[in-house]
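Note that my numbering has the sequence shown beginning at 210, numbered continuously upward. Even for Gly, the Cβ is constructed at its ideal location relative to N, Cα and C. From a predicted model like this one, the values you see are computed outputs, not experimental measurements.
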Amino acid sequence: MTISRAMQSAASGVRVAEVIMDVVANGFANLQNHGGKVGWVEVGAMGTQTMTAPGAATEEGANGVGIQLGLGATVKAIHKDMTQGALQESDSPFHMGIHGAGFFQFIRPDGRIVFSRKGICRLDKDRNIVNSDGYILAPGIQVPEGYQDVEISQTGQVSVKMPGQNAMQDVGQLEIVRFIEPGVLGQEGDYFVANTESGEPEVGAPDTGGRGVLKSRHLEANNGSAIKLMGDMIQAQRNHGQCLAIIKKADEMSESQTRIVS
210 MTISRAMQSA
220 ASGVRVAEVI
230 MDVVANGFAN
240 LQNHGGKVGW
250 VEVGAMGTQT
260 MTAPGAATEE
270 GANGVGIQLG
280 LGATVKAIHK
290 DMTQGALQES
300 DSPFHMGIHG
310 AGFFQFIRPD
320 GRIVFSRKGI
330 CRLDKDRNIV
340 NSDGYILAPG
350 IQVPEGYQDV
360 EISQTGQVSV
370 KMPGQNAMQD
380 VGQLEIVRFI
390 EPGVLGQEGD
400 YFVANTESGE
410 PEVGAPDTGG
420 RGVLKSRHLE
430 ANNGSAIKLM
440 GDMIQAQRNH
450 GQCLAIIKKA
460 DEMSESQTRI
470 VS
């Protein structure tokens, strides 16, 4: 391997370490973000230069091991860890967590539907169930004016108690969606968006068709681990420093080689 090739490989390692540090930093920044999913970096080989193919015949007639030089590393993908976060108790009946597979559907003002595991909801001025951004929780349920109590069942049934009534009155049915491959959903801030790889959203009531159950008065915590993120940060920092050291040493070797040749 030439000195310049060594520097290029080490430089690719620096770039990979910087991307990993970006992902780790974002993970730490969002540890308190309910429903958030931590990311992780898949690293792959950039390529290979074959000087002698493995199995090629040598002058002695034997099959040699071959000489193949790696050309460094690259980031192949940034994956989302879609595992369940811990469910934490809350005091609002409009705060909901999903135990199991599925996403809430939120309708943006432009009519576009986006998906999230964050179930921090409330009532707007028209008594629609909305999230913190004011997006309506699909399919759209309006709570009657003057209600005294509200309950949301594990299967998504929304019921209210009205003045002068002993029994709860049903006012709507919440739905959640699941995807064939949620790990490849696109992401826009707090929201996930469907694409050709994720498959179409499969809409249905909670606790049906493989969908999880709703937990009212609960919120799902971020699924990141500070300990795991710290370990990734330390490893990326070490790799970054080692690759920079290789670049420096290769540069010194190149200067020495130039002096000898000249």
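Asked                                                                                                           : Found
Three-pair Cβ contact test at 8 Å for the region 315-334 versus the region 231-251                              : yes
Nearest-angstrom Cα separation, counted from H449 out to A262                                                   : 31 Å
Coarse secondary structure for M210, derived from DSSP in three states                                          : For M210, the predicted structure reports a pLDDT of 48, less than 50, and the residue's modelled location is therefore unreliable. A value from the coordinates is still provided. It is coil, neither helix nor strand.
Proximity test, Cβ basis, 9 Å: G408 and chain B                                                                 : This model lacks chain B altogether, as it is built from one protein chain only.
Contact set for E406: own chain, Cβ-Cβ below 8 Å, skip 5 residues either direction                              : E390 and V393
Proximity winner among G309, P318 and I276, relative to A295 (alpha-carbon distances)                           : G309
Member of E251, E354, F237 and E397 whose CA lies at the smallest distance from the CA of M371                  : E354
Per-residue burial, D379 [other beta carbons within 10 Å of its own, 16 or more giving buried]                  : exposed
Nearest candidate by alpha-carbon position, reference Q217, set G398, C452, E464 and E461                       : C452
Short Cβ contact (9 Å threshold) for I456 with V225                                                             : no
Straight-line gap, Q363 to K424 (C-alpha atoms, nearest Å)                                                      : 6 Å
For I436, the residue or residues it bridges with in DSSP                                                       : Bridge partners of I436: none, in fact.
Contact set for F401: own chain, Cβ-Cβ below 6 Å, skip 5 residues either direction                              : F324 and L394
Proximity winner among V352, L278, A215 and A445, relative to K334 (alpha-carbon distances)                     : V352
Identity of the residue in G311, E461 and V284 nearest E429 by Cα                                               : G311
Closest by C-alpha distance to V367, when choosing among F303, F237 and S465                                    : F303
N340 to Q293 span [Cα, whole Å]                                                                                 : 20 Å
Residues near E298 by beta carbon distance below 7 Å, same chain, minus five either side                        : R426 and H427
A459, buried or exposed, once every other Cβ within 10 Å from all chains shown has been counted against 16      : buried
From G320, R214 and M230, residue whose alpha carbon lies closest to that of R447                               : M230
Pairwise C-alpha distance: K437 and F237                                                                        : 10 Å
Spatial neighbours of M210 in its chain, beta-carbon cut-off 7 Å, leaving aside the 5 residues before and after : Residue confidence for M210 is low, a pLDDT of 48 falling below 50, so the modelled location carries little weight and cannot support an answer.
Proximity of Y356 and F315 at Cβ, strictly below 9 Å                                                            : no
Any non-hydrogen atom of the ligand SAH within 8 Å of S341 CB                                                   : By its list of ligands, the structure shown contains no ligand whatsoever, and the ligand SAH lies outside what it can speak to.
Three-state secondary structure (DSSP) of V232                                                                  : helix
DSSP state of Q446 mapped onto helix, strand, coil                                                              : helix
Alpha-carbon to alpha-carbon, A414 and R420                                                                     : 8 Å
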